[in-house]
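Per the working numbering, the very first residue in the sequence shown carries number 1307; after that it's consecutive.
A virtual CB, placed ideally from N, CA and C, is assigned to each residue, including glycine.
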Amino acid sequence: VRKNDRKEILTPFGLLSYERSYYRHKESKNYCYLVDEKAGITPHSRVSESLKAVLSEACSGISYEKATLQVSRYNPELKVSKQTVSNCVKAFKAKPLTEPKEKRRVQELYIEADEDHLKVRGKRGAQARLIYIHEGVAEYPRRHLVNARYFTTVQKKPEEFWMELCDYIEAHYDLDNLSAIYLSGDGARWIRAGQGYIPGSTFILDKFHLAKSITQATAHAPELKKAVYRGIKQGNKQTVLQHLAEALELAETSPRQERVCATISYIDNNWDGIESATKYPHVGCSAEGHVSHILSARLSSRPMAWSRQGAENMASMRSVQANRESIRDHYLARQPAAPAIVELKTTVQKELKRLRKKALGKENHNNVPLYQGGSNFTRQALKGLNSITAI
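This is the structure in structure tokens:
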């Protein structure tokens, strides 16, 4: 239909400008730019998928404005708007996990969970939840979790989130060889619900949150703090609750009374996790630190508000980095693949070449019946005349 239509698109190497033809399908009557279709470029696209992947990776650690400044620091042409970077984040989708060739055989698995609290635009707030699974702690060359895998979500329901983790465990570990699964957390309802999806798991209350709760309840009566810990060490629930009741009597203000009551309820509801923490002292929980480094560092450590989809995708990008994978690879892997370019077979190419022979008037050279027969004097004479005419 048209030729030499100009198109400009930003790539990591700068502004790419090219010309292409606009075609109309004879049967379907549809119009398209074949070059754009083969390259996977949409009609209104101004930024290439590769540059979007670069922008997504850059903004996973810094703000949208700083990300576009960082990408364009050597080439001002690459400066895009903050909204463009936001659109890149909202288009991000992590690629699905690949099935391992062989399942791992371990005796113990450790699951830790916690959440970060976010500000969502137009909403009262949201939780960015983090679950990670590992095989224990190694001290060399530096202290680290063995084969840790991180999962995050903002929008998924707890049952859907836990089923995702169960699918990972079933696909990557030999369940017959497992002897113990420890589930650690602060005792939130969605974390405790994980026991229903992971049969045989033992819940262990995070010592950090327990210590924080006890400290808040006994701040006005420090002499009771040691008594509460002594009762926990002895495994005597009634003694612990009795000391907290004494702290409640000593509380003079309403806020302090509320804190003591909250601690009493917290310990009463999670006593099984406290007993398990005493029974299995080798099981720790670093969920609070992981939430701080993986989620809070980008999502809530500075005043900012998110859309739910933006927070979901940013949390997913942060977990991809925590899993030591490339955000660029994940971004490009989920983009629609361009249609494969079909090469013409040799026979078709020969046929097209034959049909493109120079025509005489309205007839082609090879459509004269005399040319289709065997070699004779008349045929050779006519070919000679054609050659002279062509010249």
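Start and end residues, beta strand (DSSP E) containing residue i
{"i": "I1417", "result": "1414 to 1424"}
{"i": "R1326", "result": "1320 to 1330"}
{"i": "E1314", "result": "1308 to 1317"}
{"i": "I1538", "result": "Run containing I1538: none in the beta strand (DSSP E); it sits in the alpha helix (DSSP H), 1529 to 1540."}
{"i": "L1403", "result": "Element bounds for L1403: n/a, residue is neither H nor E."}
Separation of residue j from residue i, as counted between CA atoms
{"i": "E1581", "j": "D1480", "result": "28 Å"}
{"i": "T1569", "j": "T1524", "result": "10 Å"}
{"i": "S1490", "j": "I1347", "result": "47 Å"}
{"i": "V1391", "j": "A1373", "result": "8 Å"}
{"i": "A1494", "j": "L1340", "result": "55 Å"}
{"i": "L1606", "j": "D1422", "result": "According to the sequence provided, residue 1606 is Ser. The question's Leu does not apply to it. For S1606 and D1422, the distance between alpha carbons rounds to 8 Å."}
{"i": "C1394", "j": "M1469", "result": "28 Å"}
{"i": "E1555", "j": "H1549", "result": "10 Å"}
{"i": "L1601", "j": "A1434", "result": "7 Å"}
{"i": "R1448", "j": "E1441", "result": "16 Å"}
{"i": "Q1627", "j": "V1377", "result": "19 Å"}
{"i": "S1327", "j": "L1638", "result": "27 Å"}
{"i": "S1519", "j": "R1562", "result": "12 Å"}
{"i": "V1566", "j": "E1383", "result": "60 Å"}
{"i": "G1579", "j": "R1498", "result": "10 Å"}
{"i": "L1484", "j": "Y1416", "result": "11 Å"}
{"i": "L1321", "j": "K1335", "result": "32 Å"}
{"i": "R1312", "j": "D1342", "result": "11 Å"}
{"i": "K1409", "j": "R1330", "result": "53 Å"}
{"i": "A1400", "j": "T1584", "result": "39 Å"}
{"i": "Y1572", "j": "S1354", "result": "52 Å"}
{"i": "I1265", "j": "V1412", "result": "Nothing about residue 1265 can be read from this structure; the chain reaches only from 1307 to 1697."}
{"i": "C1338", "j": "L1316", "result": "21 Å"}
{"i": "E1476", "j": "E1405", "result": "10 Å"}
{"i": "K1664", "j": "V1360", "result": "Only weak support exists for where K1664 lies, its pLDDT of 45 falling under 50; the value from the coordinates is given anyway. So the two alpha carbons sit approximately 51 Å from each other."}
{"i": "H1596", "j": "A1553", "result": "33 Å"}
{"i": "H1636", "j": "H1450", "result": "25 Å"}
DSSP-derived helix/strand/coil call for residue i
{"i": "G1442", "result": "coil"}
{"i": "Q1461", "result": "coil"}
{"i": "R1630", "result": "coil"}
{"i": "G1491", "result": "strand"}
{"i": "Y1380", "result": "coil"}
{"i": "N1483", "result": "helix"}
{"i": "I1368", "result": "coil"}
{"i": "V1648", "result": "A caution first: V1648 carries a pLDDT of 49, below 50, which makes its placement in the model too unreliable to give a value."}
{"i": "N1336", "result": "coil"}
{"i": "A1359", "result": "helix"}
{"i": "L1666", "result": "Low per-residue confidence applies at L1666: pLDDT is 42, beneath 50, and the placement is therefore not dependable, though the value from the model is reported in the following sentence. It is a strand residue."}
{"i": "Q1433", "result": "strand"}
{"i": "V1452", "result": "coil"}
{"i": "R1699", "result": "Given that the chain is displayed from residue 1307 to residue 1697, the structure contains no residue 1699 and the question cannot be resolved."}
Enclosing alpha helix (DSSP H) for residue i [first to last residue]
{"i": "T1584", "result": "1577 to 1585"}
{"i": "D1342", "result": "1340 to 1345"}
{"i": "S1392", "result": "1388 to 1396"}
{"i": "L1511", "result": "Note, L1511: premise wrong, no alpha helix (DSSP H); beta strand (DSSP E) at 1507 to 1511."}
{"i": "H1596", "result": "1593 to 1597"}
{"i": "G1590", "result": "Taken as a continuous stretch (DSSP letters only), G1590 belongs to no alpha helix (DSSP H), as it is neither H nor E."}
{"i": "H1549", "result": "1543 to 1556"}
{"i": "G1500", "result": "1500 to 1503"}
Exposure label - residue i; buried when at least 16 CB within 10 Å
{"i": "S1632", "result": "exposed"}
{"i": "E1669", "result": "Interpretation of E1669 is limited by its pLDDT of 49, a score under 50 that renders its predicted location unreliable; no figure is taken from the coordinates."}
{"i": "I1697", "result": "Annotation note: pLDDT 35 at I1697 (below 50); position unreliable, coordinate value reported separately. Exposed."}
{"i": "T1521", "result": "exposed"}
{"i": "F1319", "result": "exposed"}
{"i": "E1466", "result": "exposed"}
{"i": "V1712", "result": "The requested residue 1712 does not occur in the structure, where the chain is confined to residues 1307 to 1697."}
{"i": "R1536", "result": "exposed"}
{"i": "D1420", "result": "buried"}
{"i": "E1418", "result": "buried"}
{"i": "Y1380", "result": "exposed"}
{"i": "E1314", "result": "exposed"}
{"i": "Y1488", "result": "buried"}
{"i": "D1482", "result": "exposed"}
{"i": "A1517", "result": "exposed"}
{"i": "D1492", "result": "buried"}
{"i": "K1344", "result": "exposed"}
Residue-level contact to chain C via CB, residue i, 7 Å cutoff
{"i": "T1521", "result": "Protein chains in the displayed structure number just one, and chain C is not present."}
Could you say if the stretch 1582 to 1594 and the stretch 1505 to 1519 meet the contact criterion of at least three C-beta pairs nearer than 8 Å? In short, these stretches touch, since the Cβ pair count reaches three.
Are the stretch 1440 to 1459 and the stretch 1532 to 1552 touching by the rule of at least three beta carbon pairs closer than 8 Å? no
Are the stretch 1606 to 1616 and the stretch 1380 to 1390 touching by the rule of at least three beta carbon pairs closer than 8 Å? no
Counting Cβ pairs, one atom from each stretch, are 3 or more of them under 8 Å apart for the stretch 1613 to 1624 and the stretch 1347 to 1358? no
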